[in-house]
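Have a look at the structure below, then the notes.
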Amino acid sequence: MSKIIANYTSRRSFLKGASALGALGVLAPSIFSPRFAQAAVNGEVLSGCHWGAFRAVVKDGRWTEVKPWEQDPHPSHQLAGVMDSVYSPSRIKYPMVRRAYLEKGRGADVEDRGSNDFVRVSWDKALDLVAQELKYAKATHGPRSVFTGTYGWKSAGKIHNSRSLLRRLINRGLQMPNVTHTGDYSTGASQVIMPHVMGTLEVYEQQTVWPVVVENTEVLVVWGADPIKTNQIDWLIADHDSYTYLEEFKKTGKKVICIDPLKSKTAEFMDAEWVQVKPQTDVALMLGMAHTLFVEELYDVDFMDEYTAGFDKFLPYLTGETDQTPKSAEWASEICGVPADKIKELARLFMGNRTMLTSGWSLQRQHHGEQPHWMLVTLASMLGQIGLPGGGFGLSYHYSNGGTPTSDGPALSGMNDGGAMEGSVSIPVARVVEMLERPGEEYDFNGTRYTFPDIKIAYWAGGNPFHHHQDRNRMIKAWQKLETVIVQDYQWTATARFADIVLPAASAYERNDIEAMGSYSNKATVAMKKIVDPVFEARSEYDIFVDLADRLGNKEAYTDGRDEMDWIRHYYEQAQKQAASKNLEMPAFEKFWEDGIVVHPISQAAKEYVRYADFREDPLLEPLGTPTGKIEIYSKNIEKMGYDDCPPHPMWMEPLERLDGPDAKFPIHVNTGHPNDRLHSQLNGTILREGYAVADREPCMINPKDAEARGIKSGDVIRIFNDRGQTLAGAIVSEDIMPNVIRLYEGGWYDPVEGGKVGSLCAYGDVNTLTPDLGTSKLAQGNCGHTVIADFEKFEGELPDVKVFTAPKNG
Ligand SMILES: Nc1nc2c(c(=O)[nH]1)N[C@H]1C(S)=C(S)[C@@H](COP(=O)(O)OP(=O)(O)OC[C@H]3O[C@@H](n4cnc5c(=O)[nH]c(N)nc54)[C@H](O)[C@@H]3O)O[C@H]1N2
Ligand SMILES: Nc1nc2c(c(=O)[nH]1)N[C@H]1C(S)=C(S)[C@@H](COP(=O)(O)OP(=O)(O)OC[C@H]3O[C@@H](n4cnc5c(=O)[nH]c(N)nc54)[C@H](O)[C@@H]3O)O[C@H]1N2
Ligand SMILES: [Mo]
1 MSKIIANYTS RRSFLKGASA LGALGVLAPS IFSPRFAQAA VNGEVLSGCH WGAFRAVVKD
61 GRWTEVKPWE QDPHPSHQLA GVMDSVYSPS RIKYPMVRRA YLEKGRGADV EDRGSNDFVR
121 VSWDKALDLV AQELKYAKAT HGPRSVFTGT YGWKSAGKIH NSRSLLRRLI NRGLQMPNVT
181 HTGDYSTGAS QVIMPHVMGT LEVYEQQTVW PVVVENTEVL VVWGADPIKT NQIDWLIADH
241 DSYTYLEEFK KTGKKVICID PLKSKTAEFM DAEWVQVKPQ TDVALMLGMA HTLFVEELYD
301 VDFMDEYTAG FDKFLPYLTG ETDQTPKSAE WASEICGVPA DKIKELARLF MGNRTMLTSG
361 WSLQRQHHGE QPHWMLVTLA SMLGQIGLPG GGFGLSYHYS NGGTPTSDGP ALSGMNDGGA
421 MEGSVSIPVA RVVEMLERPG EEYDFNGTRY TFPDIKIAYW AGGNPFHHHQ DRNRMIKAWQ
481 KLETVIVQDY QWTATARFAD IVLPAASAYE RNDIEAMGSY SNKATVAMKK IVDPVFEARS
541 EYDIFVDLAD RLGNKEAYTD GRDEMDWIRH YYEQAQKQAA SKNLEMPAFE KFWEDGIVVH
601 PISQAAKEYV RYADFREDPL LEPLGTPTGK IEIYSKNIEK MGYDDCPPHP MWMEPLERLD
661 GPDAKFPIHV NTGHPNDRLH SQLNGTILRE GYAVADREPC MINPKDAEAR GIKSGDVIRI
721 FNDRGQTLAG AIVSEDIMPN VIRLYEGGWY DPVEGGKVGS LCAYGDVNTL TPDLGTSKLA
781 QGNCGHTVIA DFEKFEGELP DVKVFTAPKN G
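Letter by letter, the sequence shown follows residues 1 to 811 in the working numbering.
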């Protein structure tokens with residue numbers, strides 16, 4: 001793949017001089033010589049972000065060009081948007097307060113949230129208001145009245161970690177018991193079920209490394225995953241090293257199979273066989289394979305005996321002894337749409353070859369999302385290859401370049417939340433709307449009953465819930481229960497538009513920070529140097545929170561006496577000490593800051609790592625962390641919970657709704673996968689959109705058969721609708737998606753034609769206007785963003801303008 005060099009100065013020239021206006025954006029003086037903390041006026045700055053490390057060219061205080069770091073083997077084309085996001089017309093320039101809120105106070109005209117009627121205020125006024133409301137909440141409503149769940153993909157960086165800094169404000173500034181979240185939207189179901197099955201999270205752990213896979217794997221199965229698309233980003237700074245291995249694997253000519261309702265980037269890149277499966281039916285498909293292995297007596301009986309527990313309880317279900325329905329390939333085919341012969345052929349192929357079953361996370365972002373990965377583990381167990389080089393299963397090859405060998409480098413720590421006070425609670429992250437709807441009521445989660453707190457203030461810094469959460473219209477209503485909503489962001493997202501108080505944060509490129517490269521590889525430590533000064537009145541995360549802590553009377557407790565550069569040096573020196581204890585030398589801080597990066601060595605052992613090799617070698621001495629020490633195909637702990645929606649062994653369960661399901665009310669499944677040209681909703685308002693928008697809307701991929709039936713061609717505007725909501729989108733007609741499935745990526749900014757009105761048409765393409773808000777089950781309470789059916793038509797009405805990419809009036 002070619003490297004990109006972006007230079008998009010002209011389009012944003014109208015914003016030239018923006019930084020000169022930002023008098024308040026100047027950083028507090030550092031104890032270091034100014035050259036450390038200040039942005040370059042001219043020159044090249046090495047920095048990093050979720051999309052990788054890069055060099056920024058700065059001219060006259062303006063960022064004019066972005067070049068990928070020379071050692072990035074596969075730079076993301078999204079870097080061009082990263083630079084552009086700094087100067088985007090959707091930047092929040094000033095502190096703003098919703099007019100009714102400013103004039104009438106907390107809780108005023110809440111149904112007017114989203115109408116974009118804001119008034120510009122000074123920073124002092126905005127921060128006074130926030131501090132006043134936090135104090136009021138503490139005095140009047142008491143503990144657990146402020147929600148700081150603030151889930152989301154804040155920028156990389158260990159210091160300006162908006163999520164930790166916000167919690168630190170409540171813990172050390174306000175000194176009140178806090179309400180935050182557990183889990184995430186990514187792996188809500190799997191990270192709860194996997195510890196019961198494998199004794200570990202599985203989804204965020206190192207995989208059998210790629211060099212071993214390239215050498216030993218004969219069949220690479222990519223099951224509901226698209227690593228070529230999703231490994232562009234990392235929660236830290238992306239290394240992109242998995243691309244090199246994928247290329248090497250491809251060169252070997254060995255078999256790659258993508259099981260997906262659409263032809264993914266990976267299928268294309270790897271010349272893979274594409275097996276079309278109806279969405280949400282993978283458990284049935286896996287059961288059909290397991291049944292084939294069983295009846296053909298192919299499965300690994302010894303492995304099941306030695307390394308797994310409870311197969312005997314699962315078998316009567318598989319054979320149909322318990323419910324008179326054998327889970328045969330024929331039975332599975334009826335549900336999943338894959339021909340029975342193909343199911344059998346795949347089962348035999350996997351059994352007869354060293355097979356790595358890799359899976360992404362879309363499968364578990366579905367109703368009963370606990371089941372697919374549990375069943376995948378069961379299938380992998382029957383294949384008997386777990387713990388062998390290149391065999392078994394892996395749930396993170398598609399994420400943050402999982403499977404890239406881990407260096408010997410030190411772990412870099414970062415800003416913590418300062419310690420939550422006793423009485424603090426958390427909710428499963430995707431239950432946020434239910435929490436607002438049912439204060440004081442009980443809910444189930446992983447074997448325990450909890451009570452929802454009564455929230456009066458929500459403060460979001462580093463996430464965009466008005467994109468990430470499901471069922472937008474239900475959410476808009478629930479949001480009206482809040483007295484005060486504070487949003488800190490650098491973009492005018494829908495979340496900011498639905499806030500009462502909006503604080504303009506500096507982007508990650510307008511402040512100094514430090515971060516590790518590679519969540520799995522820990523390849524390097526990177527100085528995230530400030531590239532330019534904050535534009536307009538934006539201020540760094542840390543500065544905003546320190547000023548708030550000051551207003552709450554607890555500045556010292558908040559800062560521990562450190563400023564931005566002190567913290568950076570502090571965490572670097574901690575890493576340096578850790579490295580020294582491993583006989584690894586890291587340069588002095590000054591040298592590191594000057595060079596911008598320290599790359600860590602990788603041992604030979606790391607390049608040969610095989611997940612579960614130890615367990616396979618000696619299951620008694622190296623047991624799993626499950627109650628039986630084995631792979632639990634049947635979980636007694638889950639049996640004890642007695643949940644009707646999460647049985648004690650993997651099962652095919654009907655989701656709330658699915659394509660061709662019983663009583664399916666709509667004929668089309670909506671695939672809400674992650675965007676190839678964005679990170680969720682980030683970079684929405686940038687130059688990248690010119691490359692993918694259709695009729696100025698979010699693109700929606702449609703099979704020719706479905707398009708023809710509705711008289712739609714590429715470039716048309718369509719309206720997608722169901723009982724929960726409606727949105728416009730731009731049509732792309734393509735054979736790369738199976739019939740009766742359309743794809744509208746998550747992350748298109750919500751742009752209601754009638755701002756704030758429940759049920760409004762979204763002019764741009766927010767897919768979460770259509771999705772249901774329900775927990776995967778009582779066990780994990782994960783989100784079900786991929787459980788959605790709908791219908792669509794050619795939009796013939798008067799076309800509303802897309803307005804969400806420019807700031808609201810006065811802003
Ligand atoms: N239907 C459906 N819905 C989904 C999904 C799906 O597959 N289908 N996927 C889900 C998943 S896995 C996830 S992870 C979520 C993602 O949901 P989010 O993480 O909320 O999505 P982002 O668009 O990354 O939002 C991050 C926001 O933080 C802002 N930001 C970035 N850096 C900073 C910073 O340093 N400080 C501050 N104050 N703000 C900052 C950005 O401008 C942006 O508005 O979406 C979920 N929603
Ligand atoms: N470019 C880019 N990369 C990203 C992100 C991003 O927003 N943009 N987000 C990051 C984050 S936070 C996360 S959590 C991960 C998400 O990683 P994933 O959850 O794995 O990503 P998705 O795109 O939702 O789904 C992966 C594939 O599964 C397919 N799929 C959907 N439904 C089904 C189904 O029912 N059965 C089968 N067999 N396949 C199905 C989709 O068509 C898609 O090709 O990606 C990360 N990487
Ligand atoms: Mo995610």
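Quick reminder that beta carbons are idealized off the backbone N, C-alpha and C, glycines included.
Which full runs of the beta strand (DSSP E) of 3+ residues lie inside the region 726–764, going along the chain? Those beta strand (DSSP E) runs which fall completely within the region 726–764 and span 3+ residues are 726–733, 741–744.
Cβ-based burial, Arg743 [other Cβ within 10 Å; buried from 16]: buried
Alpha carbon to alpha carbon, how far is Lys154 from Asn161? Give it in angstroms, no decimals. 7 Å
Taking the continuous beta strand (DSSP E) assigned at Thr358, which residues delimit it? 355–359
Counting Cβ pairs, one atom from each stretch, are 3 or more of them under 8 Å apart for the region 338–351 and the region 770–781? Of all C-beta pairs linking the region 338–351 to the region 770–781, fewer than three are shorter than 8 Å, placing the two stretches out of contact.
What would DSSP say about Glu65, mapped onto helix, strand or coil? strand
Inter-residue Cα distance where the pair is His196 and Asp117: 49 Å
For Trp235, three-class secondary structure by DSSP: coil
Given a threshold of 16 other Cβ atoms within 10 Å of its Cβ, counted over all protein chains shown, does Leu679 qualify as buried or as exposed? Under this definition Leu679 is a buried residue.
Comparing alpha-carbon positions, which option in Thr672, Thr208, Gln71, Ser426 lies nearest Thr217? Thr208
Within the region 364–433, note down every full alpha helix (DSSP H) run reaching 4 residues or more, in order along the chain. Secondary structure within the region 364–433: the alpha helix (DSSP H) runs of 4 or more consecutive residues, fully enclosed, are 370–383 (chain order).
Hey, could you find the ends of the beta strand (DSSP E) Lys794 is sitting in? 789–794
Is DSSP giving Tyr151 helix, strand or coil here? coil
Can you list the beta strand (DSSP E) stretches of 3 or more residues lying completely in the region 180–244, in chain order? 219–223
Indicate the three-state DSSP secondary structure (helix, strand or coil) for Leu621 in the structure shown. coil
Spatial neighbours of Cys49 within its chain, please: CB distance less than 7 Å, with the 5 preceding and 5 following residues excluded, ordered by chain position. Val82, Ser155, Ala156, Ile237, Ala508
Consider the C-beta atom of Asn703 and the heavy atoms of ligand 1; say whether any pair is separated by less than 6 Å. no
Which value, in whole angstroms, describes the spacing of the CA atoms of Thr628 and Gln385? 20 Å
By how many angstroms is the C-alpha of Leu165 removed from the C-alpha of Met415? Here the C-alpha atom of Met415 lies approximately 7 Å from the C-alpha atom of Leu165.
Per DSSP, what kind of secondary structure is Ile476 in: helix, strand or coil? helix
Residues in its own chain within less than 6 Å of Pro89 by CB, not counting five upstream and five downstream? Around Pro89: Thr806.
Where Gly447 and Arg172 are concerned, what is the direct C-alpha to C-alpha distance, given to the nearest angstrom? Rounded to whole angstroms, Gly447 to Arg172 spans 32 Å at the Cα level.
Does the beta-carbon of Ser76 have 16 or more other beta-carbons within 10 angstroms, so that it is buried, or is it exposed? buried
Could you pull the start and end residues of the beta strand (DSSP E) that Leu482 belongs to? Here Leu482 belongs to no beta strand (DSSP E), and DSSP marks it neither H nor E.
Using a threshold of 7 Å, state whether the C-beta atoms of Asp241 and Thr404 are closer than that. yes
Suppose the cutoff is 8 Å on Cβ atoms and the five residues either side in sequence are ignored; what does the same chain contact list for Tyr750 look like? Counting only Cβ-Cβ distances below 8 Å, and skipping sequence neighbours, we find Phe466, His467, Arg472, Ala494, Cys762, Tyr764, Asp766, Asn768, Thr769, Val804.
Taking buried to mean at least 16 other C-beta atoms within 10 Å of its own C-beta, is Ser681 buried or exposed? buried
Is the closest heavy atom of ligand 3 to the C-beta of Ser186 under 6 Å? yes
Give a yes or no on contact between the region 141–149 and the region 386–393, applying the rule of three or more CB pairs nearer than 8 Å. No, the region 141–149 is not in contact with the region 386–393.
Is Ser359 closer than 7 Å to Gly756 when the C-beta atoms are compared? Cβ distance not < 7 Å, so Gly756 and Ser359 don't count as in contact.
Out of curiosity, what's the CA-to-CA distance linking Arg106 and Glu573? Distance from the CA atom of Arg106 to the CA atom of Glu573, rounded to whole angstroms, is 45 Å.
With a CB to CB cut of under 7 Å and the five nearest residues on each side skipped, what residues in its chain are close to Lys481? If we look at Lys481 and ignore the five residues flanking it on each side, its Cβ neighbours are Leu436.
For ligand 1, any of its heavy atoms closer than 6 Å to the Cβ of His468? yes
Do Asn671 and ligand 2 come close, with the Cβ less than 6 Å from some heavy atom? Yes, Cβ of Asn671 sits closer than 6 Å to a heavy atom of ligand 2.
Counting only the same chain and skipping the five closest in sequence on each side, list residues whose C-beta sits under 6 Å from that of Ala100. Taken in chain order, the residues that qualify are Ala108, Asp109, Asp112.
Considering only the beta carbon of each residue, do Ile501 and Val119 sit closer than 7 Å? no
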